[in-house]
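In terms of our numbering, the sequence shown opens at residue 14 and continues consecutively. Backbone N, C-alpha and C fix where the C-beta goes; we use that ideal spot for every residue, glycine too. Predicted, not measured: the structure shown is a model, and the values here were computed from it.
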Amino acid sequence: MQARLGAEWEDFAAALEAPPPTSVRLHPEKGADLFPQAAPIPWHPLGRRLPERPAFEEEPLWHAGAYYVQEASGMSVRVFVPQRRPLRVIDLSAAPGGKATLLLGELGWEGGLLIANDPDPRRRLALQENLERWGIPAYLLTGRHPQWWAQHYPGSFDLVVLDAPCSGEGLWRKDPAAACHWRPELAARLQRLQRNLLRAAQTLVAPGGTLLYATCTFNPAENEENIAWAFAALAEWEPLAWPGLLPEAITPVQAGAGWGYYFYPHRGPGEGFFLSAWRRKGSPRDPSFSRPPTSRAASLALPEGLLSGEKGGRWWALTEAAAQLVPSTLWAANWEAFPLWQHHRPAHAAALLSRTLPKPYPERSLYTLEEFLAYLRGQIHPPQAPVEWVSYAGRGLGWLYKGKPSLPFTWRRFLRPR
Ligand code: SAM
């Protein structure tokens, strides 16, 4: 790094010793007016840098999905999301959901489909919870290896995001213990894995589609060397340059015939990060439409543009725009979607939808932290109706089923004595 950064080395070393900054990305519908005093993030209009790190697990609006805590550098993938709609998007290594919730924010309810994929079952639980909290039901959650996707759905996606497993050098400031795991052999093994994943990612891109490759490491062997290897001599690809003026905080490098962008902690508001964007030549084709396997709707009136169906006794929800982009053969595969209804009552996630269910559930409005904590502990007045919709400052937070709050995993952790 000394050789690479020259005169900037000392600033870089000092930044690694400083406490990591905290930033959040606001939900486009649920969070747009929050943190008005916080500093903006140059590459994301909803990114905010906070002056200090709050205890998010005690913040009702965090539980309501009004914002996502995400380090600022990773928010940059937004600038390469194609403008056209509808968009078929796959995030191959999506857990815990920073890029996936960002992509859903870009798609919204009408803009397309996100496949949020991660092969690690434990990390997928966190991804699932974050997607549910975000409340934009335009996704399917899967746990396949990227090679499975490449084999079954080549050329099927307008945007493929590979935020690859990496040596994580850029996150050592947040997690100093991670530095102890670094070994040259590990970086070499990761490079082999990243190259396999890159090949799979390339196979998945449709004509006219975009591939985004990202890591959170400074190691050129996992970044520009991989890019140079993957795109060398492939005439069907063209590099994408940062659109518009490159923010000062970002350092461009040559990556094969294209560019990579480094985010260094001494130059910007986030952690170490690398990003490179490529486009497969050709004209985008109209995505094929499939008929979703919807059946009798649960006894719910759905917001406009939302479909639901049943799987294993549970009802899931998917926006109409997303459902029409699911390849017809995928309906038979193993996936999860946004839970809408289970055990004969609305699922916890349904309270967090960014557009509320029209069925008139009585609303229980909470305004203070004390009321919120009492709700978590099941210590508020029992509902008059069988189910009440609990909101905090106008955002859905959960349900109150006859004296019992609906609780996701995080809240159970939060309620344990500390
Ligand atoms: N995109 C995530 C976000 O923004 O929150 C972070 C992804 S993290 C850098 C890398 C992810 O790659 C991990 O969740 C890990 O489970 C996943 N992973 C590990 N091996 C993988 C593989 N062979 N194929 C795809 N993903 C893999």
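Spatially closest choice to phenylalanine 170 from Ala20, Arg91, Gly273, Leu100, by CA coordinates: Residue Leu100 is the option with its Cα nearest to phenylalanine 170.
Would you call the segment 207–215 in contact with the segment 58–72, where contact means no fewer than 3 C-beta pairs closer than 8 angstroms?
At 8 angstroms Cβ cutoff, the stretches do not touch.
Margin query: Please give the ranges of any beta strand (DSSP E) in the segment 193–232, keeping only runs that are unbroken, at least 3 residues long and fully inside the region.
Written below: For the beta strand (DSSP E) assignment, the uninterrupted runs of no fewer than 3 residues enclosed by the segment 193–232 are, from N- to C-terminal side, 218–228.
Whole-angstrom distance between alanine 20 and phenylalanine 244, CA atom to CA atom: Roughly 32 angstroms separates the two Cα atoms.
*Cα-Cα separation, proline 375 to histidine 361*: Computed Cα separation, rounded: 16 angstroms.
Residues near lysine 415 by beta carbon distance below 7 angstroms, same chain, minus five either side:
Same-chain partners within the cutoff: Pro395, Pro396, Pro399.
Check your understanding: Quick one: any contact between the segment 347–363 and the segment 142–156, if contact means 3 or more CB pairs under 8 angstroms?
Key -> Yes, the segment 347–363 touches the segment 142–156.
Practice item. Answer yes or no: do alanine 151 and leucine 126 have a C-beta to C-beta separation smaller than 8 angstroms? Key: Yes, these two residues count as a Cβ contact at 8 angstroms.
If you check the beta carbons only, do glycine 271 and serine 289 fall under 8 angstroms apart? Taking the C-beta atoms as reference points, serine 289 is found nearer than 8 angstroms to glycine 271.
Just the Cα atoms here: how many angstroms apart are arginine 298 and valine 102?
-> Rounded to the nearest angstrom, the gap between the Cα atoms of arginine 298 and valine 102 is 14 angstroms.
inquiry  = Please tell me whether, using a cut-off of 7 angstroms, the distance from the CB of glycine 283 to the nearest non-hydrogen atom of the ligand SAM is below it.
reply    = Answer for glycine 283: no, Cβ out of range of the ligand SAM.
Beta-bridge pairing of leucine 63 - partner residues as DSSP gives them: In DSSP, leucine 63 forms a bridge with Thr35.
Can you give me the start and stop residues for the alpha helix (DSSP H) that tryptophan 22 sits inside? Where tryptophan 22 is concerned, the enclosing alpha helix (DSSP H) stretches over 22–30.
May I ask you to check if the CB of glycine 87 is nearer than 7 angstroms to at least one heavy atom of the ligand SAM?
Yes, the beta carbon of glycine 87 sits closer than 7 angstroms to at least one heavy atom of the ligand SAM.
Requested in this report: Note the first and the last residue of the continuous beta strand (DSSP E) segment covering tryptophan 291.
Outcome: 286–293 is the extent of the beta strand (DSSP E) around tryptophan 291.
Selected residue, minimal CA-CA separation from glutamate 198, among Ser180, Val218, Trp344 = The option with the nearest alpha carbon to glutamate 198 is Ser180.
Provide the residue span of the alpha helix (DSSP H) that contains leucine 116, from first to last.
Run containing leucine 116: 111–120, per the alpha helix (DSSP H) assignment.
Original post:
Which one or two residues does DSSP pair with aspartate 176 in a beta bridge?
Top reply: Beta bridge pairing from DSSP links aspartate 176 with Ala227.
For glycine 44 and leucine 410, I'd like the C-alpha separation in whole angstroms. If you draw a straight line from the Cα of glycine 44 to the Cα of leucine 410, it is about 13 angstroms long.
Checklist entry - Buried or exposed: methionine 432, going by 16 or more other Cβ atoms within 10 Å of its Cβ? => result Residue 432 cannot be examined here, being either before or after the span of the chain that is shown, 14 to 431.
Practice prompt. Mind checking which residues open and close the beta strand (DSSP E) that includes alanine 336?
Written response: Run containing alanine 336: none in the beta strand (DSSP E); it sits in the alpha helix (DSSP H), 333–336.
Inset, instruction - Return yes when the C-beta of lysine 112 is under 7 angstroms from any heavy atom of the ligand SAM, and no when it is not. - result: Answer for lysine 112: yes, Cβ within range of the ligand SAM.
Please state whether the Cβ-Cβ distance between tryptophan 329 and leucine 224 is less than 8 angstroms.
Not closer than 8 angstroms, so no.
Kindly confirm or deny that the segment 16–32 and the segment 235–252 touch, where touching means at least three C-beta pairs closer than 8 angstroms.
Touching, no, given that fewer than three Cβ pairs across the two stretches are closer than 8 angstroms.
Enclosing beta strand (DSSP E) for proline 352 [first to last residue] = Per DSSP, proline 352 belongs to the beta strand (DSSP E) from 351–355.
Check your understanding: Under 8 angstroms, do leucine 153 and alanine 350 count as touching if we go by C-beta distance?
Key -> At the C-beta level, leucine 153 and alanine 350 come within 8 angstroms of one another.
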